[in-house]
Amino acid sequence: MVRCREGKKNRSATLKHKGINRRDALALLAAAPVALTAQPRARADSLEQVHGLSVFGDLKYPPSFQHFDYVNPHAPVGGVFRFLPSQWILNQNPNTFNSMNTFILRGDAPVLMEMTFASLMARAYDEPDAVYGFAAEQVRYDTARKYFEFDLRNDVSFHDGSPLTADDVVFSIETIKKDGHPMIAGTLNYVESIKALSKKTVAVRLAADAPRDVIFAVAGVPLLSKNYYSKVVFKDVTIVPALGSGPFNVGRFDMGRYVEYERVDKWWGWQIPSQRAQLNWQKIRVDFFRDYDVAFEAFKAGQYYLREEAVAKTWATGYHFPAVQSGDVKKLVLPDGRLSGMQGFFINMRREKFMDPRVRRALALAFDFEWSNENLFYKQYQRTQSVFQNSPLMAEGKPNATELALLEPFRSQLPAEAFGEALIQPVSDGTGRDRKLLREAGKLLRDAGIDIRKEGSFLPNGERFTVEFLNISSGFERIILPYIKNLASLGVNATLRTVDPAQYQARTNEYDFDIASQRYGLDSTPGDGLKRVFSSKDADTPGSYNLSGIKHPVVDAMIEKIIAANSREDLNTACRALDRVLRSLHFWVPAWSKPTHSIACWDIFKAPEAKPPAYTTGILETWWIDPAQAKKLGKGI
6 MVRCREGKKN
16 RSATLKHKGI
26 NRRDALALLA
36 AAPVALTAQP
46 RARADSLEQV
56 HGLSVFGDLK
66 YPPSFQHFDY
76 VNPHAPVGGV
86 FRFLPSQWIL
96 NQNPNTFNSM
106 NTFILRGDAP
116 VLMEMTFASL
126 MARAYDEPDA
136 VYGFAAEQVR
146 YDTARKYFEF
156 DLRNDVSFHD
166 GSPLTADDVV
176 FSIETIKKDG
186 HPMIAGTLNY
196 VESIKALSKK
206 TVAVRLAADA
216 PRDVIFAVAG
226 VPLLSKNYYS
236 KVVFKDVTIV
246 PALGSGPFNV
256 GRFDMGRYVE
266 YERVDKWWGW
276 QIPSQRAQLN
286 WQKIRVDFFR
296 DYDVAFEAFK
306 AGQYYLREEA
316 VAKTWATGYH
326 FPAVQSGDVK
336 KLVLPDGRLS
346 GMQGFFINMR
356 REKFMDPRVR
366 RALALAFDFE
376 WSNENLFYKQ
386 YQRTQSVFQN
396 SPLMAEGKPN
406 ATELALLEPF
416 RSQLPAEAFG
426 EALIQPVSDG
436 TGRDRKLLRE
446 AGKLLRDAGI
456 DIRKEGSFLP
466 NGERFTVEFL
476 NISSGFERII
486 LPYIKNLASL
496 GVNATLRTVD
506 PAQYQARTNE
516 YDFDIASQRY
526 GLDSTPGDGL
536 KRVFSSKDAD
546 TPGSYNLSGI
556 KHPVVDAMIE
566 KIIAANSRED
576 LNTACRALDR
586 VLRSLHFWVP
596 AWSKPTHSIA
606 CWDIFKAPEA
616 KPPAYTTGIL
626 ETWWIDPAQA
636 KKLGKGI
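So the sequence shown is numbered by this note's numbering: it starts at 6 and just counts up by one.
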């Protein structure tokens, strides 16, 4: 689960956080803490040994593979990669930072801090969910897939040269379960025991009811030094970078302004097949901008070299400056095979005024996507209908027999629309003030007991019906203000509150808002991580991704069906059933998406000739700097 910037791949209003790219290892974590106890070791001869894991057991790469197909094994290494991040995870903030600890809830950490840590296994981005050996060379598991043994490579170490052992792995999982960010800690609850069998082998036993993807959370845990944290408090906000184990180290930084990550040249992982020919940079620098317009001007001036454009108007009209006209800056459109993600306005159902689904439906009817797409987005987007948009997990038409078989036992707990045609957002007349839709919205509000008068709308308790949009981006105001105007025609006293990044994160962590704009990226093979976004248990967990506060027994039941799916076909069916239930709850106002990445970059980069991986742009992982072009333009050197 990742958070992203505005537009197709962003947190839209927030310009603030799945995802991951190499970060998907962490996005596989889903998180909340329990103590661990040692369990007896299973017989080694009863275990199957493998070099990789996937949810349904299908691996693209054989044990002898030397590198992923989407990399160039001969790519040169060097130069400085300066870019504007479009994705981030956990407590990371793309606008500022005040802490170097990215694995806890408190503080704002810089983007890419997870890159300074290794994990047991690493993601292949041309497969939906497969991971292959990283710090662990191989893994063994029993028939039930509840007991696993990971064998560490012989030469794995931390940046100070100290060996990385099984005790460090045990410490990492125990510590993150106890004090880690809620998005990491929860899934690890299913770890029943973990034990170092030797210096190089660690055994993990999962609970009998553990979802199938829990082991991927274990495989993605950042590997911490037990010795280092014997002198440092893990859960503290700190400006001191921790001792790492990954391909990059924190170099120079200026708090809140920039951070540089320096390549660990003698890192033990560069020749590991899952890491070979990736991250081909000598240095990665992330600059932080609190204002979108300032960030764009900095790109035009060549202060950084690559950005994923998040604002449709800028993509359509802003790239006419001299460097584009001369060819020194390129505009690229890259395909995106991932779920489009959940981009929209999340309604805080914890608040009494939003508890009635008719009120939430009325709020959605007042948002005129067609007008916005024509006048603000230059027709670059499509309307999002589903949390699984752009994937076979998305419900369409009427439910088939297998979907109905899952939903039918809960008919009395669901509205009738969950059993009919998949709910889609209505198409407006594009005027920005569709009278038919606004009349329908007004009727829904009245049916919910809201009194619409000339002087405004009033809740059943007599209070004025007010709605505050929590916002972090001044550039997003042009989208919200027309929406507010439509709500005003319904008597709703809607206002816009733009706050700084730290306040935005604090308020969303504590669910102190009416409506907040956000985008979340979901995994292509959803599992236990869905609980962090939709489950009743996580609705009141500070920092969870369940922004709307969904608490519904049928949602919980459908997530369990997804977790229990034994094939991709069963998974798709269960996800479609969940999609129908979620749409019937009207918990958000779905916004927009598109199945491509809009990339602007200075012409100093090269990319592999191979087809890009479906589940990431591949830019950070596989591109490199062309020395001749870098010298010519004076960038990246």
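Glycine is no exception: its CB is placed at the ideal position from the N, C-alpha and C atoms. Because the structure is a prediction, the values reported are computed rather than measured.
Complete runs of the beta strand (DSSP E) confined to the stretch 405 to 490 [at least 3 residues]: 456 to 458, 461 to 463 and 471 to 476
Close-in-space but distant-in-sequence residues of the same chain around Glu247 (CB under 6 Å, 5 per side omitted): Note on identity: in this sequence residue 247 is Ala, with Glu being the wrong assignment. So no residue of the chain qualifies.
Proximity to Gly307 [Cα-Cα], best of Ser603, Lys335 and Glu375: Lys335
As assigned by DSSP and simplified to three states, the class of Ile609: coil
For Thr243, the three-state DSSP class (helix, strand or coil): coil
Cut-off 6 Å between Cβ atoms - residues of its own chain near Glu132, not counting five sequence neighbours on either side: Lys65
Buried or exposed by the 16-neighbour rule on C-beta atoms within 10 Å, applied to His186: buried
Gln276, DSSP secondary structure in three states: coil
Within 8 Å, strictly: CB atoms of Ile630 and Phe610: yes
Coarse secondary structure for Pro632, derived from DSSP in three states: helix
Whole-number beta carbon distance between Tyr266 and Trp120, since they are thought to touch under 8 Å: Per the sequence presented here, residue 120 reads as Met, with Trp not at that position. That pair is a contact at about 6 Å.
The stretch 229 to 249 in contact with the stretch 163 to 171 per 3-pair CB rule at 8 Å: yes
Per-residue burial, Met360 [other beta carbons within 10 Å of its own, 16 or more giving buried]: exposed
Length-filtered (3 minimum) beta strand (DSSP E) runs lying within the stretch 106 to 148: 126 to 128, 136 to 138 and 141 to 146
Host alpha helix (DSSP H) of Arg363 (start-end): Pro362 to Leu370
Alpha helix (DSSP H) runs contained entirely in the stretch 547 to 603, provided each spans 4 or more residues: 558 to 569 and 573 to 590
Close beta carbons around Asp434, own chain, < 8 Å, minus the five adjacent residues each side: Glu375 and Lys441
Glu401 versus Tyr488 - alpha carbon distance: 27 Å
Ala43, DSSP secondary structure in three states: Residue placement at Ala43 is flagged as unreliable, the pLDDT there being 32, under the threshold of 50; the coordinate-derived value follows with that caveat. Looking at Ala43 - three-state DSSP - the assignment turns out to be coil, as it is neither helix nor strand.
Close beta carbons around Gln634, own chain, < 7 Å, minus the five adjacent residues each side: Asp608 and Ile609
Three-state class that DSSP yields for Ser377 in the structure shown: helix
Short Cβ contact (8 Å threshold) for Trp597 with Gln387: yes
DSSP state of Ile352 mapped onto helix, strand, coil: strand
Own chain partners of Gly342 with C-beta closer than 7 Å, once the 5 adjacent residues on each side are dropped: Ala619 and Tyr620
Among Gly261, Arg262, Val255 and Pro278, the one whose alpha carbon lies nearest that of Ile289: Val255
Classification of Arg458 by the beta-carbon crowding that lies within 10 angstroms, buried from 16 upward: exposed
Straight-line gap, Trp93 to Leu625 (C-alpha atoms, nearest Å): 13 Å
Nearest candidate by alpha-carbon position, reference Val174, set Met188, Trp286 and Ser198: Ser198
Beta carbon of Val76 nearer than 8 Å to that of Ala328: no
Local conformation of Phe258 per DSSP, three classes: strand
Exposure of Ala421, with buried meaning 16 or more beta-carbon neighbours within 10 Å: exposed
Every unbroken alpha helix (DSSP H) inside the stretch 276 to 334 [4 residues or more]: 297 to 305, 317 to 322 and 327 to 330
According to DSSP, residues forming a beta bridge with Ser522: Phe350
Simplified DSSP assignment, three categories, for Lys358: helix
Minimum C-alpha distance to Leu381 - residue among Leu169, Gly480, Ser69 and Phe326: Gly480
Reduced DSSP secondary structure (H/G/I, E/B, other) of Thr206: strand
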